[in-house]
Structure formats: C-alpha cells, structure tokens
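Engineer: One structure is given below, represented as structure tokens, and several questions about it will come after.
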Amino acid sequence: MPASPGPTPPPPTIDQANAAIRDFMRARSGRALRPAERVEYERLLRLWAEAMRAELTTAA
10 MPASPGPTPP PPTIDQANAA IRDFMRARSG RALRPAERVE YERLLRLWAE AMRAELTTAA
C-alpha cells in the first residue's frame, strides 16, 4: 500500500526566506548564476513570495 503524503509543511517565515536567499547569493560571491543555480534562486524567490502572502493573510 503506498504511503499517504503527510501534511504540507507551513511556508517559511519572511525572515527565514530572506536568510536563505542571502546565504545562497553570498555563497556565489556576486558572480553570475549558472542555469541550475538560477532554478534554485527562483525556487527561493517563490518561497519568499509564499511567506509574504501568508503574512499578509494572517495580518488581514
């Protein structure tokens, strides 16, 4: 029997998302991103946007 998916984890906080983006970019020393790195950067940006939406929803 296949395992059922667990509950979806909550989105990161804005501070966590910002820290992840800063750490990611700092590790690249300001150089241009490679294609695979661009994909990861875009994923991090989506997490940040999700965190922003969650905060706005909570605030409203």
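In the numbering used here, the protein residues as written are 10 to 69.
Using N, Cα and C, we set each Cβ at its ideal position, and we do this for glycine too.
1) Just to confirm the assignment, what range does the alpha helix (DSSP H) spanning A41 have?
2) Quick one: measure Cβ to Cβ for L53 and I30, integer angstroms, because I've assumed they're closer than 8 Å.
3) Considering only C-alpha positions, which residue in the set R37, A28, P20, P14 is nearest to T66?
4) Exposed or buried, what is A60 when buried is set at 16 or more other beta-carbons lying within 10 Å of its beta-carbon?
5) Could you check where the alpha helix (DSSP H) with A26 kicks off and where it finishes?
Structural biologist: Concretely, from the data shown:
1) Note, A41: premise wrong, no alpha helix (DSSP H); not H, not E.
2) 5 Å
3) P20
4) Label assigned to A60: buried.
5) 23-35
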